[in-house]
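Chains as they are written, first to last, in the numbering used here: chain A, 2 to 140; chain B, 22 to 706.
Here a beta-carbon is modelled for each residue, glycine too, at the ideal position from N, C-alpha and C.
Below: one structure, written as structure tokens.
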Amino acid sequence: MMVQLLYCVGLFLTFPVMMFPAVQILERSSCYKRFLPASLNAIKRHVFRFFVVAAATLMALYTPHFGLFINLIGAVSCSTLAFVVPALIYRATMGKKLTRWKRAQVWAIVAFGVGGGAYSAALTLIGFTEAGDEGGEGR
Amino acid sequence: MGGLDEADIETVTTLNVVLSSLSFVGSCTIILSFSCFPELRTFAFRLVFFLSISEAFYALFNFLGFPEPGSAACRFQSIGLSFFGTSMVLWTSIIASTLRAAVFSTKDVARFKGSERRYHCFAWGLAAVLAVLPALTDSYGPAGSLCWIDASSTGALWRFVQFYMPLWICMSYNVWVYWTTMRRIRRALLRAGGSISRARMPLLLYPLILLVCWLLATVNRVQNLIAPEQPQFWLYALGLSFAACQGLLHAIAYGMTSSVQRVYRRILCAGHAQGDDESLETTDSESESMRAGESDGVMLAPLKGGYEESMDGKDDGGDTTAVSAAASRPRRGSGPRQLKDVSHQIRSMYLQGLGVLELAGFQSHDDAYSTLTKGGWDTFDMSAESAAEAGAAVKQKNGITATYFTMFKSFVGIGILTMPHAYMQAGYIGASFGLVVIAIISYKGMVYLLDGQQSLVSTGVLKPDELVSFTKLGVLSVGATMGRVIDFALVSSQIGFCIAYILFIGSNVSHSLREASLADIDEKLVVIIAATAAVPLVWLNSLKRLAPAALAADVVIVFGLVTVFFYDFGELSAPEGPPEVDPLRLGTLPLFFGVAVFSFEGIGMVVPIRQSMAEPEKFKGVLRNTIISLTTLLVCFGTLSYLAYGDKTSDMSKMRDGVLALDSPCSPFCRLSQSPSTCRTTAWS
Chain A
2 MMVQLLYCVG LFLTFPVMMF PAVQILERSS CYKRFLPASL NAIKRHVFRF
52 FVVAAATLMA LYTPHFGLFI NLIGAVSCST LAFVVPALIY RATMGKKLTR
102 WKRAQVWAIV AFGVGGGAYS AALTLIGFTE AGDEGGEGR
Chain B
22 MGGLDEADIE TVTTLNVVLS SLSFVGSCTI ILSFSCFPEL RTFAFRLVFF
72 LSISEAFYAL FNFLGFPEPG SAACRFQSIG LSFFGTSMVL WTSIIASTLR
122 AAVFSTKDVA RFKGSERRYH CFAWGLAAVL AVLPALTDSY GPAGSLCWID
172 ASSTGALWRF VQFYMPLWIC MSYNVWVYWT TMRRIRRALL RAGGSISRAR
222 MPLLLYPLIL LVCWLLATVN RVQNLIAPEQ PQFWLYALGL SFAACQGLLH
272 AIAYGMTSSV QRVYRRILCA GHAQGDDESL ETTDSESESM RAGESDGVML
322 APLKGGYEES MDGKDDGGDT TAVSAAASRP RRGSGPRQLK DVSHQIRSMY
372 LQGLGVLELA GFQSHDDAYS TLTKGGWDTF DMSAESAAEA GAAVKQKNGI
422 TATYFTMFKS FVGIGILTMP HAYMQAGYIG ASFGLVVIAI ISYKGMVYLL
472 DGQQSLVSTG VLKPDELVSF TKLGVLSVGA TMGRVIDFAL VSSQIGFCIA
522 YILFIGSNVS HSLREASLAD IDEKLVVIIA ATAAVPLVWL NSLKRLAPAA
572 LAADVVIVFG LVTVFFYDFG ELSAPEGPPE VDPLRLGTLP LFFGVAVFSF
622 EGIGMVVPIR QSMAEPEKFK GVLRNTIISL TTLLVCFGTL SYLAYGDKTS
672 DMSKMRDGVL ALDSPCSPFC RLSQSPSTCR TTAWS
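And the structure:
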């Protein structure tokens, strides 16, 4: 029990650290910049961040079978970040210098990322519908 | 246990374990700071470091709770508590004696260096001898709510001879030393025209902590001696709680030392100086001024109207030393900085300053101040100047060991705790095999990213040392679309994990509270409370201020890991034998994929870490070894936990169910990588 509580404290402290990059990227986007004049930046930032947290909380409260949801995000976003993107960056930068064998490797990895991610995501979605049927409050 | 019933004992044990964990975290913070920042490795901090080691172990032995009397665990705890309890008291006295020697003697540095071995012999040796004594009469056993020296008459004798007598001798010595030292410094200050109120606090903290922590415990044991039949619950509870707090309080005292604060502040600010175009702060004028105040710390102190004072009273000295500090403090962006033997220099300055104090008195007002700042004023502090010198060390490139450390820190996140669940989904053969495959492919991906960055450098698009975010790399190499894809993936995964975090906190807090029958709070309520509490943290403009918190979180995570391992072994050796497990589960295998990918998500970090290395060409080897050890760790951990628990639902697996949702795409710390400079500067050097 102690471990659990300590863990929760640890997580609570990590929460903003996890949130930060996301908020940062969102705030860099053009939508955000257009929304209000820059003179109101401080207020805007606080309100905006509050809404991001609020949105996350609402999703946390009303998403059934969260494990599946997380898996979906993991399969799509994380495999993109870990496999597909680096391989594409590599291909783009090294383009002409690659041997055929190397090129095949690159595409194999892209395929692995896309295929694995998509397959996992698809099964997760199926899991969702099933779970939704059982739970009766599907997404 | 006479007047204590089981519920009472349980309460006391729980209290003890809770406070010990806090102490443990505190001690670990000190230990980590010591190992991370070379500026904090002065002789004095070395002593604090060894004190913290004792305290950390003391706390660990407290974690055992109250083992069955007569069991091996009980004996183990008794010896551990007795040994580390004594050694931590002895270390405080050693610190006191060095302080005294530093203030009152004029001998040179070499004397101190030589005496360290003697200190070790004294602290550990004497503690070991004292710990052996009660074992001779077989007096180790239950002592109220934990195992220590038992309550028999010989036991009671040992308690006092073996622990409380040395404790009080050390304490009186400490108080005496601090008292005389303080008086001397005050006098010197007065003579130099300063005011008395300035020399205060940190010197007194250490003996005060010892006094606060052990006073009630002593009263309790005396009461035990006088009336063994009527133990007082409150005495027990308070005595043990305060005793368990020692590590925590020391950590707080440590954090109040201004050199520690300075180091942290500087580490945090150094990130600003470099990561300007990456970090968001530039958008905001409010944070802009804040940042200026931070990064120019000492220099701006007089102008900023008491900025230093508001941080900490004892920083007042910054005002007068500011001139010299400004002269020697490297400005940000100034060229290559020299690296000196920082710790040696600080130590000699420290003692030189004190020598002046002893021999010549004070020449001038300024002289007095700087001497005192250098010297005994701030227990074991370095002067503002030497702090600035030490600042040079931040620019130092990392060696191999430091890189390993950083890598490990970036990769071992919370992801590892999801392994048992992942194993449940894929079966132990399937999961182990899958992990290896994904490890290889992740490694490939990271190598691709590194090569990509290198080739951008070679074609002149990037400068070799330019810090570049993942997104920017994508935009530069492939195009704007790639940037958007990366942004989307980052945002969705981060937000997803944030959601997971609060859900996990919700379910676990409410579950734990219910379990301990402290309160019955609905999960959703906890979620809402946690999220509300997190809003101000999210409002913070700079992650760097959270760096210590993130470090603490990392410590907690490692601690959680160790605990789960511990439970696993216990469960494997449980009489009912291991549960049913499957070698391979094809049906849920795809669900394993996501979790496994998370566990290797350190990719955002590889480029900055490589750039921070002194010999970047060796990075691939480091990366490979890190991945190999991480895979081994994951496989061992997953297999062990799965074999121990199978699909069983128990408290631990309840925790795991939560842990499932607790994945991080990357270790929490490494998410600082969004402004990569932070990681670079916090990278261990």
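Counting contacts by CB-CB distance shorter than 8 angstroms, is residue i in contact with chain B?
i                 : result
Thr130 of chain A : no
Ala88 of chain A  : yes
Phe13 of chain A  : yes
Leu7 of chain A   : yes
Ile44 of chain A  : no
Val115 of chain A : no
Leu126 of chain A : no
Which residue wins for smallest C-alpha separation from residue i, given the options the options?
i                 : options                                : result
Ala552 of chain B : A:Met60, A:Glu28, A:Leu27              : A:Met60
Leu236 of chain B : B:Val577, B:Leu259, B:Gln251, B:Ile247 : B:Leu259
Lys160 of chain B : B:Ser193, B:Val627, B:Ser173           : In the sequence under discussion, the amino acid at residue 160 of chain B is Ser, which differs from the Lys named in the question. Of the listed residues, the one whose Cα sits closest to Ser160 of chain B is B:Ser173.
Pro249 of chain B : B:Thr609, B:Asp508, B:Gly165           : B:Gly165
Val153 of chain B : B:Trp169, B:Arg138, B:Arg139           : B:Trp169
Ala457 of chain B : B:Ser650, B:Ser108, B:Ile624           : According to the sequence provided, residue 457 of chain B is Val. The question's Ala does not apply to it. Residue B:Ser650 is the option with its Cα nearest to Val457 of chain B.
Val579 of chain B : B:Phe432, B:Val559, B:Glu89, B:Phe104  : B:Phe432
Gly11 of chain A  : B:Met186, B:Ala574, B:Gly659           : B:Ala574
Ala635 of chain B : B:Val468, B:Val616, B:Val110, B:Tyr425 : B:Tyr425
So what does DSSP say about residue i, is it helix, strand or coil?
i                 : result
Cys168 of chain B : strand
Pro163 of chain B : strand
Ala123 of chain A : helix
Determine whether the Cβ of residue i lies closer than 8 angstroms to any Cβ atom of chain A.
i                 : result
Gly615 of chain B : yes
Asp29 of chain B  : no
Ser99 of chain B  : no
Gly276 of chain B : no
Leu36 of chain B  : no
Pro249 of chain B : no
Phe580 of chain B : yes
Ala264 of chain B : no
Trp200 of chain B : no
Val182 of chain B : no
Ala77 of chain B  : no
Ala501 of chain B : no
Ile507 of chain B : yes
Ser498 of chain B : yes
Asp684 of chain B : Low local confidence applies: a pLDDT of 29 at Asp684 of chain B is under 50, so the model's placement there is unreliable, with the coordinate-based value given in what follows. Closer than 8 angstroms to some Cβ of chain A, the Cβ of Asp684 of chain B qualifies, so yes.
Pro637 of chain B : no
Phe640 of chain B : no
Gly165 of chain B : no
Ser662 of chain B : no
Practice item. Report yes or no: do three or more beta-carbon pairs, one from the region 42–58 of chain A and one from the region 109–125 of chain A, lie closer than 8 angstroms? Key: Below 8 angstroms, too few C-beta pairs join the region 42–58 of chain A and the region 109–125 of chain A to call them touching: fewer than three.
Review point. Which residues, in chain order, does the region 516–548 of chain B contribute to contact with chain C at a C-beta distance below 8 angstroms?
Key: Checking the listed chains, one finds no chain C in this structure; the protein chains it contains are A and B.
Review point. For the 8 angstroms Cβ check, are there 3 or more pairs between the region 150–167 of chain B and the region 175–192 of chain B?
Key: At 8 angstroms Cβ cutoff, the stretches touch.
Review point. Three or more beta-carbon pairs under 8 angstroms between the region 188–201 of chain B and the region 138–157 of chain B, yes or no?
Key: Touching, no.
Practice item. For the region 18–33 of chain A, enumerate the residues whose C-beta is nearer than 9 angstroms to any C-beta of chain B, in chain order. Key: For the region 18–33 of chain A, which is checked against every Cβ of chain B, the residues closer than 9 angstroms are Val18, Met19, Met20, Phe21, Pro22, Ala23, Val24, Gln25, Ile26, Leu27, Glu28, Arg29, Ser30.
Exercise for review: Report yes or no: do the region 460–469 of chain B and the region 638–649 of chain B share at least 3 C-beta pairs separated by less than 8 angstroms?
Suggested key: Yes, since at least three Cβ pairs between the region 460–469 of chain B and the region 638–649 of chain B fall closer than 8 angstroms, the two stretches touch.
Exercise for review: Could you say if the region 648–656 of chain B and the region 440–459 of chain B meet the contact criterion of at least three C-beta pairs nearer than 8 angstroms?
Suggested key: Output reads yes: the region 440–459 of chain B touches the region 648–656 of chain B.
**Study point:** Residues within the region 443–464 of chain B neighbouring chain A, beta-carbon criterion of under 8 angstroms
**Key:** Here the close residues are Ile462, Ser463.
**Study point:** Meets three-Cβ-pair contact criterion under 8 angstroms: the region 111–126 of chain A and the region 73–83 of chain A
**Key:** With a cut-off of 8 angstroms, the region 73–83 of chain A and the region 111–126 of chain A count as touching, because enough Cβ pairs lie within range.
Review point. Are the region 489–504 of chain B and the region 87–94 of chain A in contact at 8 angstroms, needing three or more beta carbon pairs?
Key: In the pairwise beta carbon analysis, the region 489–504 of chain B is classified as touching the region 87–94 of chain A: at least three pairs are separated by under 8 angstroms.
Practice item. Note down, in chain order, all residues in the region 469–483 of chain B with a beta-carbon under 7 angstroms from any beta-carbon belonging to chain A. Key: Hits within the stretch, in order: Tyr469, Leu470, Asp472, Gly473, Ser476, Leu477.
Exercise for review: Please determine if the region 506–513 of chain B and the region 523–537 of chain B are in contact, where contact requires at least 3 C-beta pairs separated by less than 8 angstroms.
Suggested key: Verdict: no, contact absent.
Point to revise | Against chain B: residues of the region 100–113 of chain A by CB proximity under 8 angstroms | key: Taking 8 angstroms as the Cβ-Cβ cut-off, the region 100–113 of chain A approaches chain B at Gln106, Val107, Ile110, Phe113, given in chain order.
Check your understanding: the region 44–64 of chain A: which residues have C-beta closer than 9 angstroms to a C-beta of chain B, in chain order?
Key -> Taking 9 angstroms as the Cβ-Cβ cut-off against chain B, the residues of the region 44–64 of chain A that qualify are Arg46, His47, Arg50, Phe51, Val53, Val54, Ala55, Ala56, Ala57, Thr58, Met60, Ala61, Leu62, Thr64.
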